[in-house]
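**Q** Chains A and S supply the protein sequences, listed in that same order. Going by the working numbering, the first sequence opens with residue 1, and the numbers climb by one from there. Going by the working numbering, the second sequence opens with residue 483, and the numbers climb by one from there. The beta-carbon is built from N, C-alpha and C at its ideal position, and this holds for glycine as well. Since this is a predicted model, take the numbers as computed values, not measurements. Here it is, the structure in full.
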Amino acid sequence: MRRKTVKTLADLGRLIPLAVCLFAGSVAWIWTHHADAVAAFEKRLVHLLTGRFWGQFEAAGKVGDPAVEHDLLEGLAHDLEHVRSQDRLSDMVEKCHTRLIALAEAKGDLDEALSWARASVAFDGQHVRTLVRLGEVLCARPETRDQGLAHLSALSRKFAGNPHVARALAAQLAAAGRGAEALDVLDAACAVPQSNRWIVLWDEGQGYEESNAHQIPVVVHDCFRLRFDIVGRCKRVRFLTPLFASFTLVQPMLHVVVNGETHVLSLLGPSASVSNMATAGDRLEAVGVSDAFVEVVLPEVAADRWEFTLVAGWQPRRSSLIASPTLLPRFAALRDEWANRGETAQLARLQGWRAVAYAGQPVDLYYRHGKEPFAGVRKVSGTLGTLPDGGFAVEFQVDKPASQLRVDLPADAAGISYRLTKLDVVVDGRLTSLDPRTLELKGTNEVERRDGTFVATGNDPFFWFDAPAGDVVNSVRVEGAP
Amino acid sequence: MRAAIGALWRWSWLATVPASALFVLWATQTFTRWRNFAVDYDSRPEEPTLLSTGIDQWRALSRQIRLRLSSAGLEDVPADLQLRSIQLFVADADLAKLDEDLPYSGLEYVDGLLVYPDGLHKVSVRYRGDFLKHWGYDKKSIRVRTKATDLFGGFRSFNLIVPKFPEQLNNYLAYRLATTLGLIAPHCELVNVFLNGRNTGLHEFTEQLDEGTLRRHDRMPGDLYAGELISKSQYAGMSNDVFDHPLLWEKVAANNHYDLDSHAPLEALTTVLRGSPSEASQAELSRLLDMDAWGRFGAFELLTQTHHFDEVHNWRLFWDPWRLKFEPVVWDPTGWAPDWRPADGPISLDVMASRINLWLVTNGDYLAARHAALRDFFGSGKAERFLGEFNTSLLKAAYALQYDPNLLPTDPDAVFGSLANFRPYVDQVFAQLRAAYFEGGDVRWARVDDKTVRLQVTGRRPVSSVLVRFERELAPSVSTRLRYERLGETIDVDLTAGTVERGNTLRVPARLFCQLVPEFRCVPAQALRNHMRAAAPGTYELQFDGVPAGNRVLEVATVRDDQEQSAELVADLPQADLEFVYRATPPLRNPTPQTWRGDVVVEGVREVFDDVVIEPGTTVRLGANACILFRGRVLATGSREHPIRFLPMARDQDPWGTVALNSPDCRGSRFQWCEMRGGSGHKSPVEEYTSMFSIHNCVDVRVEDCRFAENHVVDDMVHVMYSSVVFDRVTLDTALADALDCDISTVVVRNSAFPRSGNDGVDLMTCHALVEDCSFEGNEDKGISIGESSYLVVLRSRFDGCVKALEAKDGSIACAANCEVRHCKKVFNAYKKNWRYGSGGYLTMYKSIVLDNDALQTADRWSRAELVDCQVKSSGSLVDHYEQDYVDGTSRRMKNMAHIRDSSDGKQPSDQAPLPFPSDLEHLRDLAGQAWSSVQSGVRGVPDAK
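Written as structure tokens, this is what we have:
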């Protein structure tokens, strides 16, 4: 080798580490003085490493064709095989599995559904719904039905009172013709002591971010009482009920003592709003679902100490969420079967559960006049209440001009049937009673009327009809039989 | 100049090549670590970023290089400030396997070697911990598991844990404090961990909780529940509040008398916690919890300011099946953690992190116990001793950390700065607690009417009693009641039984508290501290009946922390609800005992809370499976002519269950001239009795001139647990298995006979015992079995026809003198039975006659079995080897380590000098010292009665 070449190589050998050093120095400088640049670089890097998975996942959700969606998700599931249950992408894997199970079921391939259900549990056995799903798929296959029931029974022992488990087990037992056992499951789930851990959140003006604390109420002689003080500013206070709790508060009032003055605020009044809870008359009901809360806007008072006492009459109630499978057609069939056989005790039990299931379910009434579309701005909401005979009813106060009315039955209730018996509409002060079994429907979505019964075929069931002639629809009342 | 630049250029590689290598190393490690723990793994609650990862990585690299280049090391630390070193060796391939796919790969055990005092031993090693700090950096938290028969310092499984916080000593010192307070806590010490000969830094050596932890704390093995619904243990689709899901608690130690799935006691506890507070439910809580222990635990929470025992994790609860109480076990306390340290403002004067806190802070029994624990800590020198240990530990840690190559946090200034600020913060905590709990607070009182006074208590110091002075002397018939109002209800407690009259003064045992009102305030980034409690006045009324009209109350004083404090008389005190105190003063026990006489019939399970007097001649007839569970003192004093008998109700019925004393309130019970026949035992989902007659959890019990016979079904005829009992002139005849089974108790047995037991005559576990002048005949196993750290003295007793006269195991020590052993298959045996114990048994028999037995004594290599100065035929004919049988059905051939000294065929002792009290039984001296002085050194065998 010529000397010049050697020198060139030696210089190159010196140059490269020097360049690396210069680069390192730049990196050190950026690291020290430009944290935002590092953060931006990190964001891009994360996108580079994981962005394509999100892209695939979103693309799969957008295609309308189940077969294509299936193939995309299957490919994605394959690409995500390296992901483990505590990884950041685990949610995507879990969703992927869930959707693949549903797609396989929809096309009738229960073997594939089972395979995905098992994969889902193997991926993360700490998901109650995933575990339940496996049980449901096992039950759907005649050859593994017993295994599925055993699996769900084991889950119901382990997660005593969990509504996801109890609902699935009851539904599967009913499907297997073991209706009485199904009701036993519901009874047992409701007998499990509920949580009593309420979370109080308060807003000092910046939202609820960090201002929360837990407390347990006192219930004495059917009187509910939750007492606490808040130190600091307070604009709103929110009462988050225990998860899956189910109870009725009668005449719930919040007593607020501030600056020596007492303000009494009704939790059913204009300063209050509820989420995932039902109101009926003077009652505020938690119906067994999650994230149920009531929120109260407080009087605008400058103060640093607030004394709160939430008082109400207390009534236990069974969870509508747990009761919900009794509205499925298989229970409706059981009802008819028990009625025909004269099994009055079982029938009464079932009807009691069906009444619980209806109660508290949110129902919306949309109205429109002329060519207006049905829209959120022309909507009133209500919840199903129970009638003394076990039936249900909901009433909407409208007081708006309307030529058509749309009843939106409870969402996420595919397969559930409603025996509507009465539809009273007051127009311009005149009551018109319509018969929902024969009423001419102007349109439906994911609901069918079979022999006078409305059966939800999807998760967004509604139907609409012409309002009786007149200008202003004052109110609408819908009633149903258990 | 040009030449200099040229030279610089020529030799630049000396600087640039290593610097480049360092940069490449940093960049690679930073990217890998960031990718693993910031992109792939969900490390929440920690959120490592590329920036922080790079900085951490740089600090770690530079520190490691600096320490490598430094000549100083741990060996330079002064000897008295050095920490123990743990030397672990793991093959590089196995380490690579652990690191392959963290954290998942780290949880599989690999083989390793650990340096024991006698050299290298095989162990299994893995990483442990839920969060990034345990395995996301160069310093790893490690779990080591030994072989069952090869414990390391008495531990089967232990953890070498990376300190979580900048102060490094949070857990270690919190565990030390827990031990100071008498809580059950794992053994913890600071150590330097060496992996493959290289220092990996300061770790906390922490025992893994198991049955051994309970044994070390003198608790009978029972269910030790772990409540963890966080990280990989948490579930989606439900709340992860541990008290809502009793069945999701795991057992880290289990009572093998119940199914592993059985959670009945925990279900009972969580059912209470999910209910509404009331006097009844709080009483039930007091029944289920060992309030003394919970009070100490509450004090521990305050002193350490830990909020780590929360709704979702960290709970370890021990259910003692014999005392029927839950005890908290301290685990991962993270004391004085920065997460819960106030930036400004007060510390937490009550910890309200979990639902159990919400309940307990309104329970008078708990409040009193917590206050007592705080008082003991601050008032008995414990605080000073603890702080002394604190300082020493800080110093030791500071030295160790100087040479720790893997500091965490990686910023040395943060670590050493935190160490410097640690003690001042603890001082601040202690000072604020002292001020809040022991200073201030007063009592005011007002007359309501002639026989009622109203009191208002402020401040956190509980009132333990109230002194009420009247104008004139009182008649001896005054009755006193404590009353308070809550939500429209009146709580009324009759205190007459505990009230003491002296002249014109009444001392009323009214325990009164202020109220702790829930007070929410937003503490940024410390959500668990949002719920605090504010001290508010508590209002009570004392009512006196039997005070003549006109004899008014003159003055009132209260006793707080043993000091009398005058109450201030005010014209009027408004009545006010006592919303936040339950069981301020619990109901007093009924002072009048029940009297049983004649024929008493018992069917089913009868719980008797009152004291009971059973008159001579009484016959208690028990139906099949019937039980009497006494919770108060029993005086069953029969006579030779009129014995008291506990018999089956019908001749051919199934056995009755048990007669049991089980409560500290049974203290002082007496059974004399009693006879029990036909019983068995009792088992419910939460309570078990393994004998016909059970004495649990009470002291100062005497059983005299009694006879027990014909027990059925379960193991023992008489069972003693957590008690102190004297048996005198008692016969336990033909027991089904063990005649007298004693666990964790102090027992004296005198002048008693144990004929024909189906198993052992006396079975001792972790007991202190004295056996004098007894006979053991025809026992189908041992005359006396001495196990699991028991200490025993046996004097003047005869063993005839037993399989073994005596057997000592597992750290037990027994000495016998002036005894006779005849016709037994083996004289005695000493061995190591349970791997949890480091040693076998130690048995020495002095001045005794050992004749006509099939075999002399045997001992394995962990044990000692000696005959000293005894009459032994064929003296010296000990077997060289023997078969030692084990409970798992296996047997091993052992070399016999037993000895015979100074013994002969004759009756004449070789030495007549008085026998000194055995030095290895020193802690039995109080119990057996006097009895030992009666040993006749001039006699071999049982001396003739005078």
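#1: Measure the alpha-carbon distance for S/Gln716 versus S/Leu730 and round it to whole angstroms.
#2: In chain order, what residues of the same chain lie with their CB nearer than 6 Å to the CB of A/Glu181, ignoring the 5 residues before and after it?
#3: Please report the residue range of the beta strand (DSSP E) in which S/Ile973 lies.
#4: Assign A/Lys547 to one of two classes, buried (16 or more other C-beta atoms within 10 Å of its C-beta) or exposed (fewer than that).
#5: Does DSSP put S/Trp493 in a helix, in a strand, or in coil?
#6: Using DSSP with H/G/I as helix, E/B as strand and the rest coil, what is A/Gln215?
#7: Where does A/Thr50 sit, in a helix, a strand or coil, going by DSSP?
#8: Counting only runs of 4+ residues fully inside the segment 338 to 395 of chain A, write out the alpha helix (DSSP H) ranges in chain order.
#9: Between S/Ser1227, S/Asp932 and S/Leu856, which lies nearest to S/Phe920 when the distance is taken from Cα to Cα?
#10: For the structure I just gave you, are there three or more beta carbon pairs, one from the segment 312 to 325 of chain A and one from the segment 247 to 261 of chain A, closer than 8 Å?
#11: Are any of the Cβ atoms in chain A nearer than 8 Å to that of S/Asn1012?
#12: Confirm, please, whether the CB-CB distance from A/Leu328 to A/Arg354 is below 8 Å.
#13: Within 8 Å of any Cβ in chain S, is that where the Cβ of A/Trp54 sits?
#14: Give me the residue from A/Arg52, A/Val455 and A/Ile230 with the minimum Cα distance to A/Asp304.
#15: Could you check which residue in A/Asp435, A/Ala176 and A/Trp202 has the C-alpha nearest to that of A/Val297?
#16: Counting along the chain, where does the beta strand (DSSP E) carrying S/Tyr885 start and finish?
#17: Please report how far the alpha carbon of S/Ser1357 lies from the alpha carbon of S/Phe1310, in whole angstroms.
#18: Where A/Phe53 and A/Asp79 are concerned, what is the direct C-alpha to C-alpha distance, given to the nearest angstrom?
#19: Starting from the Cα of S/Val1285, find the closest Cα among S/Pro1237, S/Pro803 and S/Thr1074 and give me that residue.
#20: Assuming S/Arg1280 contacts S/Cys1301 under a Cβ cut-off of 8 Å, what Cβ separation, rounded to an integer in Å, is found between them?
#21: Please report the straight-line C-alpha distance between S/Asp1198 and S/Phe860, rounded to a whole angstrom.
#22: With a cut-off of 8 Å, does the C-beta of A/Arg118 fall near any C-beta of chain S?
#23: Going straight from the alpha carbon of S/Ala1341 to that of S/Ile1295, what length do you get?
#24: Quick one: grab the DSSP three-state call for A/Glu94.
#25: Let me make sure I understand the geometry here. Which of S/Arg1374, S/Ala1312 and S/Ala1287 has the alpha-carbon closest to that of S/Asp1334?
#26: Could you pull out every residue in the same chain whose Cβ sits closer than 7 Å to the Cβ of S/Ala630, ignoring the five residues on either side in sequence?
#27: Using a Cβ cut-off of 8 Å, pull out every chain C residue sitting near S/Trp495, in sequence order please.
#28: Is there a C-beta anywhere in chain A that falls below 8 Å from the one on S/Glu1061?
#29: For a contact defined as C-beta to C-beta under 9 Å, what are the partners of A/Leu49 on chain S?
#30: Taking beta-carbon pairs under 9 Å, can you tell me which members of the segment 719 to 746 of chain S lie near chain A?
#31: Drop a sphere of 10 angstroms on the beta-carbon of S/Tyr1204, count the other beta-carbons inside from all chains shown, and report buried for 16 or more, exposed for fewer.
#32: Given A/Arg349, which residues of its chain have a CB within under 7 Å of its CB, disregarding the five upstream and five downstream residues?
#33: For a test of the three-state rule: what should DSSP assign to A/Ala402, helix, strand or coil?
#34: Starting from A/Leu243, find everything on chain S with Cβ-Cβ shorter than 9 Å and list it in chain order.
#35: Please determine, among A/Gly458, A/Glu285, A/Trp29 and A/Val200, the residue with the shortest C-alpha to C-alpha distance to A/Ser417.
**A** In brief:
#1: One-based indexing of the second sequence puts residue 716 of chain S at position 234. One-based indexing of the second sequence puts residue 730 of chain S at position 248. Near 10 Å, if we compare the C-alpha coordinates of S/Leu730 and S/Gln716.
#2: For the purposes of this step, residue 181 of chain A is identified with residue 181 of the first sequence, where counting begins at 1. Excluding sequence neighbours, A/Glu181 sits near Leu173.
#3: Counting from 1 along the second sequence, the entry for residue 973 of chain S is found at position 491. Looking at the DSSP string, the run of the beta strand (DSSP E) that includes S/Ile973 is Glu971 to Asp976.
#4: A question about residue 547 of chain A goes unanswered here, because the residues of chain A that appear run from 1 up to 482.
#5: Position 11 of the second sequence holds residue 493 of chain S. The answer is helix: DSSP assigns S/Trp493 an H, G or I state.
#6: Taking the first sequence and counting its residues from 1, one reaches residue 215 of chain A at position 215. Strand.
#7: If you number the first sequence from 1, residue 50 of chain A lands on position 50. Three-state result, A/Thr50: helix.
#8: 344 to 358
#9: Position 438 of the second sequence holds residue 920 of chain S. Across the set S/Ser1227, S/Asp932 and S/Leu856, the C-alpha of S/Leu856 shows the shortest separation from the C-alpha of S/Phe920.
#10: yes
#11: As a first step, residue 1012 of chain S is located in the second sequence; it is residue number 530 there, counting from the start. For S/Asn1012, the closest Cβ of chain A is nearer than 8 Å.
#12: Position 354 of the first sequence, counted from the first residue, corresponds to residue 354 of chain A. Position 328 of the first sequence, counted from the first residue, corresponds to residue 328 of chain A. Their beta carbons are not under 8 Å apart, which means A/Arg354 does not touch A/Leu328 by this criterion.
#13: The count along the first sequence starts at 1 and reaches residue 54 of chain A at position 54. False, the Cβ-Cβ gap to chain S never drops below 8 Å.
#14: Here residue 304 of chain A is taken as the residue at index 304 of the first sequence, counted from 1. Comparing Cα-Cα distances from A/Asp304 to each of A/Arg52, A/Val455 and A/Ile230, the minimum goes to A/Ile230.
#15: On the first sequence, residue 297 of chain A is found 297 positions in, with the first residue counted as 1. The shortest Cα separation from A/Val297 among A/Asp435, A/Ala176 and A/Trp202 belongs to A/Trp202.
#16: The count along the second sequence starts at 1 and reaches residue 885 of chain S at position 403. Taken as a continuous stretch (DSSP letters only), S/Tyr885 belongs to no beta strand (DSSP E), as it is neither H nor E.
#17: Residue 1357 of chain S sits at position 875 when you count from the first residue of the second sequence. Residue 1310 of chain S sits at position 828 when you count from the first residue of the second sequence. Caution applies to S/Ser1357, whose pLDDT of 47 falls short of 50 and renders its modelled position unreliable; the model cannot decide the point.
#18: Counting from one through the first sequence, the residue named residue 53 of chain A turns up at place 53. Counting from one through the first sequence, the residue named residue 79 of chain A turns up at place 79. Using only the alpha carbons, I get a separation of about 8 Å.
#19: For the purposes of this step, residue 1285 of chain S is taken as the residue at position 803 of the second sequence. Measuring from the Cα of S/Val1285, the nearest candidate turns out to be S/Pro1237.
#20: The residue given as residue 1280 of chain S occupies position 798 in the second sequence. The residue given as residue 1301 of chain S occupies position 819 in the second sequence. S/Arg1280 to S/Cys1301, Cβ: 7 Å. Contact.
#21: Your numbering for residue 1198 of chain S matches position 716 in the second sequence. Your numbering for residue 860 of chain S matches position 378 in the second sequence. Their backbone Cα atoms lie some 45 Å apart in a straight line.
#22: Here residue 118 of chain A refers to the residue found at position 118 of the first sequence. Interface criterion not met: the Cβ of A/Arg118 is under 8 Å from no Cβ in chain S.
#23: One-based indexing of the second sequence puts residue 1341 of chain S at position 859. One-based indexing of the second sequence puts residue 1295 of chain S at position 813. Using only the alpha carbons, I get a separation of about 13 Å.
#24: Position 94 of the first sequence holds residue 94 of chain A. Note: A/Glu94 maps to helix in three-state DSSP.
#25: Numbered from its first residue, the second sequence carries residue 1334 of chain S at position 852. Among S/Arg1374, S/Ala1312 and S/Ala1287, the Cα nearest to that of S/Asp1334 is on S/Ala1287.
#26: On the second sequence, residue 630 of chain S is found 148 positions in, with the first residue counted as 1. Contacts found: Arg638 and Trp1317.
#27: The question asks about chain C, but that chain is absent: this structure's protein chains are A and S.
#28: Within the second sequence, residue 1061 of chain S is the residue found at index 579, counting from 1. S/Glu1061 counts as touching chain A.
#29: Start at 1 with the first residue of the first sequence, and residue 49 of chain A comes out as number 49. Residues of chain S passing the Cβ test: Arg517, Val521 and Asp522.
#30: For the segment 719 to 746 of chain S, the set of positions with a beta-carbon nearer than 9 Å to some beta-carbon of chain A reads Gly719, Met720, Ser721, Asp723, Phe725, Asp726, His727, Pro728, Leu729, Leu730 and Asp743 in chain order.
#31: Translated into the one-based positions of the second sequence, residue 1204 of chain S becomes position 722. In this structure S/Tyr1204 is buried. Its beta-carbon is surrounded by 16 or more other beta-carbon atoms within 10 angstroms.
#32: For this step, residue 349 of chain A is matched to residue 349 along the first sequence. So the list reads Leu183, once near-sequence residues are dropped.
#33: Your numbering for residue 402 of chain A matches position 402 in the first sequence. Note: A/Ala402 maps to coil in three-state DSSP.
#34: Your numbering for residue 243 of chain A matches position 243 in the first sequence. In chain order: Met720, Ser721, Asp723 and Asp726.
#35: The sequence position of residue 417 of chain A within the first sequence is 417, counting from 1. When each option's Cα is compared against that of A/Ser417, the closest is A/Gly458.
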